[in-house]
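A quick write-up on the structure given underneath.
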Amino acid sequence: MWDPSQYTRFRDERKRPFFELLSRVDVAAPTHVADLGCGTGDLTRVLAERWPGATVYGVDSSVEMVEEARRRPAPGSLRFEVGELAGWAPPVPLDVLVSNAALHWVPDHAALMARLVAKLSPNAVLAFQVPANFDAPSHRLVDEVKALPRFARVLEPVRRRPVETLETYESLLAGRGMTVDAWETTYLHLLPGEDAVLQWLLGTTLRPVLAALGEAERQAFLEELGPRLRDAYPAHARGTPFLFTRRFVVARRGT
Ligand SMILES: C[S@@+](CC[C@H](N)C(=O)[O-])C[C@H]1O[C@@H](n2cnc3c(N)ncnc32)[C@H](O)[C@@H]1O
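Residue 231 in our numbering is what sits at position 231 of the sequence shown, and the numbering runs on without skipping anything.
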């Protein structure tokens, strides 16, 4: 379902939040680190470079993504595995658990926080970033097209958004003995190219939607969505302005 080349099309816009997240992770010499929902593994490699003494695991449920991650040579301390991020069990407790733009694919974040904390060593840090743009025009328009009679039969009803508020994450993690630093950032991306917002969505949000449709329906879906997105996001010579809000949480075990 995942296509590494489409996802990496907007590489710079997608990797910046990872570095902003990592800049708040203050851990000197962890021995076991994991990146859950690691995708193509480019950012997992950054973790291995930052902590060369650590064993670093990159875990992703997509075979295509993990194959792509394994394509480039990696130090022996970096391992890529196919696995479900909630269910994956590290061989030893983790000192740093990072997840960038992946947890929103998993429902029930109260239960998920409990499962992630259970993977941690004492004094470990859990750091994650999730999109918080589910009410943006891009998502509303995808939902509008999904609800058209032609597609509504096949496509799931509008999904409940699993992402919680900053206060809820703080409360869930504080209740498990963590001290939390949480914030939200809205980026103004100026996306290059034609149909830029559609191209962005093809790398993420639209993957499961298109996977559920046959070839003809897929084409029809994009023909409905494309013009709506072009109206909502007019392109300029400088690019297509696209606002994107993300939530960040860095939680340390202990106080
Ligand atoms: C938007 S990409 C982010 C990839 C990478 N973290 C990055 O920042 O470039 C989301 C990734 O999460 C993975 N993913 C989604 N649901 C997952 C799950 N339940 N368990 C493991 N990986 C999952 C997808 O396969 C995809 O590679």
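Quick reminder that beta carbons are idealized off the backbone N, C-alpha and C, glycines included.
Bear in mind the structure is a predicted one, so any value in this text is a computation, not a measurement.
Identify which residue in Ala196, Arg238, Ser171 has its Cα closest to the Cα of Gln6. When each option's Cα is compared against that of Gln6, the closest is Ala196.
Determine, using beta carbons only, whether Ser77 and Gly37 come nearer to each other than 8 Å. no
Alpha carbon of Gly203 to alpha carbon of Thr8, nearest angstrom: 8 Å
Please tell me whether Val56 and Val33 are closer than 8 Å, where the distance is taken between their beta carbons. Less than 8 Å divides the Cβ of Val56 from the Cβ of Val33.
I need the DSSP call for Val154, collapsed to helix, strand or coil. In this structure, Val154 counts as coil in the three-state DSSP scheme.
Taking Pro75 as the reference, which of Ala54, Glu194, Glu84 has the closest Cα? Ala54
Apart from the five residues just before and just after Arg150, which ones in its own chain have a Cβ nearer than 7 Å to its Cβ? Ala220
Pop quiz: Val125 and Arg252 are said to be a contact at Cβ under 8 Å. What is the actual Cβ separation, rounded to whole angstroms? 5 Å
Ignore the nearest five residues each way along the sequence and tell me which others in Phe19's own chain have a CB closer than 6 Å to its CB. Apart from the 5 residues on each side of it in sequence, Phe19 has no Cβ closer than 6 Å to any other Cβ in its chain.
The region 129 to 140 in contact with the region 42 to 53 per 3-pair CB rule at 8 Å: no
Report whether the distance from the Cβ of Asn133 to the nearest heavy atom of ligand 1 is below 7 Å. No heavy atom of ligand 1 is found nearer than 7 Å to the CB of Asn133.
Nearer than 7 Å: is that true of the beta carbon of Trp105 relative to any heavy atom of ligand 1? Indeed, a heavy atom of ligand 1 lies less than 7 Å from the Cβ.
Closer than 7 Å: is that where the CB of Leu173 sits relative to any heavy atom of ligand 1? no
Looking only at its chain, what residues have a beta carbon closer than 8 Å to the beta carbon of Val63, apart from the 5 residues adjacent to it on each side? Val82, listed in sequence order.
Could you tell me whether the region 206 to 217 touches the region 88 to 98, where touching means 3 or more Cβ pairs closer than 8 Å? no
Nearest CA to the CA of Leu213: which residue from Val25, Glu144, Met113, Arg153? Arg153
Straight-line CA distance for Thr240 to Glu164? Note on geometry: alpha-carbon atoms of Thr240 and Glu164 lie some 28 Å from one another.
Cβ-based burial, Pro234 [other Cβ within 10 Å; buried from 16]: exposed
As a quick exercise: from Ala48, Pro52, Asp35, pick the residue whose alpha carbon is nearest that of Gly58. Asp35
Use the C-beta contact count for Gly254: other C-beta atoms within 10 angstroms, 16 or more gives buried, fewer gives exposed. Exposed, since its Cβ has fewer than 16 Cβ neighbours within 10 Å.
Find the nearest neighbour of Leu243 within the set Pro30, Phe134, Leu155, judged by alpha-carbon distance. Phe134
From the DSSP secondary-structure annotation, give me the bridge partner or partners of His236. Gly239
First and last residue of the beta strand (DSSP E) that includes His189? 178 to 191
For ligand 1, any of its heavy atoms closer than 7 Å to the Cβ of Leu116? no
Just to confirm, does Leu36 get its C-beta within under 7 Å of one of the non-hydrogen atoms of ligand 1? yes
On a Cα-Cα basis, can you pick out the residue from Glu223, Arg14, Phe248 that is closest to Thr168? Phe248
Suppose you measure from the CA of Ala216 to the CA of Val180; what does that come to, to the nearest Å? 48 Å
At what residue ranges does the region 85 to 127 contain a whole run of the alpha helix (DSSP H), taking only runs of 4 or more? 109 to 117
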